[in-house]
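For reference, each letter of the sequence shown is one residue, going -4 to 245 in my numbering.
All remarks here apply to the structure that follows.
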Amino acid sequence: LIPSDVGRPLSDLAGRIEYPEMMRDAQRASDQLEQSNREVRAGDRWFLARVLPYRTADDRIGGVVFTFLDITSRRLAESALRELLRQAPGESRARQLLGVTLLELQRPAEALAQFDAIAAHMPSPQLHFNRAIALRAIGRDAEALAAFENAVALAPDIVSAWEQIGRLRLQLERNEAAIEALQRAIALQPRRAATHNELGVALHRLGRTEAALAAFDAALALQPADADALNNRGNALHDLRHMHEALACF
């Protein structure tokens, strides 16, 4: 964009890129509050176009936001890997790299197909982890949880896998199991505020309010402006009848 573009209709700008669905995606984001991701082309460059509804400070929809991520190098990598696999279909390493590239291109179903093609004879921790990411992205959460668990069974030090396991168990109301996973993640990497906050949520659900409060405090020590942790801390303090302290969190 250039300064003279300000105030012009969006349709006037669409001609610079091959994006015939631009107005439709903008309308969907504004009317139905749906995010969309689409690969578009501008000359010899490729971009991942992402459209989101724009929320104002008072939580009203005030328009839409377009972001364009240059994915040219990933598209070139995809083409090169597909050509390599056309010539050598059994090249498992290339197939795994193609799956990772497709994940980066926000095409998880295609990525999963590549991972599944080699899962039987290449059961590495990273493959299980990548499969889990793809499964989660397409909403197959129970299978994603099993894949993350397979990853840590082979490599117990994958912090992000333990975090994802904790998050999914929490989502499935398996709170004791979530606590175990989140504590494993914290032992490996103690400086992630979100993990402490999620641990606090699981503890609070089980009525272990003092321990939950300590977890929320640990999250806020790392990220003092974390609104979710502040709200959770306030709820824990309320349950402990510390009303003045609770009020300060909201």
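From the three backbone atoms N, C-alpha and C, an ideal C-beta is built for every residue, glycine too.
- Inter-residue distance for R23 and E13 is about 19 Å (C-alpha atoms, whole angstroms).
- Judged by their CB atoms, L208 and T190 are not nearer to each other than the 8 Å cut-off.
- I160 sits buried, since 16 or more C-beta atoms from the chains shown fall within 10 Å of its C-beta.
- Note: I113 is not bridge-paired with any residue in the DSSP secondary-structure output.
- In this chain, the alpha helix (DSSP H) harbouring S87 covers S87 to E99.
- When C-beta atoms of the segment 37 to 45 are compared with those of the segment 65 to 72, three or more pairs fall below 8 Å, so the two segments count as touching.
- One thing to note: L149 has its Cβ no nearer than 8 Å to the Cβ of H116.
- In the displayed model, G202 falls within coil according to three-state DSSP, outside both helix and strand.
- Around the beta carbon of L130, a 10 Å sphere encloses 16 or more other beta carbons of the protein chains shown; the residue is thus reported as buried.
- Straight-line spacing of the CA atoms in P151 and N125 works out to 16 Å.
- Annotation: the continuous beta strand (DSSP E) that includes G57 extends over I56 to D65.
- Taking the Cα positions, N226 is about 56 Å away from Q82.
- Pairing R90 with A75 gives a Cβ-Cβ distance that is not under 8 Å.
- A Cβ-Cβ separation of about 7 Å places L198 in contact with I174 under the 8 Å criterion.
- Membership of S25 in the alpha helix (DSSP H) is indicated by the continuous run M17 to Q27.
- Within the same chain, and ignoring the five residues on either side of D26 in sequence, no residue has its Cβ closer than 7 Å to its Cβ.
- Between P48 and V59, the C-beta gap is smaller than 8 Å, which places the two residues in contact.
- Ranking A216, I133, G134 and G202 by CA distance to the CA of A231 puts G202 first.
- Rounded to the nearest whole angstrom, the CA to CA distance from M18 to R33 is 13 Å.
- For P48, the enclosing beta strand (DSSP E) has its first and last residue at R40 to R50.
- L79 sits away from E73, with the two beta carbons spaced by 8 Å or more.
- DSSP, read as helix, strand or coil, puts S119 in coil.
- When rounded, the separation of the alpha-carbon atoms in R236 and R162 is 28 Å.
- The C-beta of R179 has 16 or more other C-beta atoms within 10 Å across all chains shown, which makes the residue buried.
- With fewer than 16 neighbouring CB atoms inside 10 Å of its own CB, I56 falls in the exposed class.
- Restricting attention to E158, D39 and I133, the CA atom closest to the CA of F143 is found in E158.
- Each residue's CA atom was taken as its position, placing L194 and G229 some 16 Å apart.
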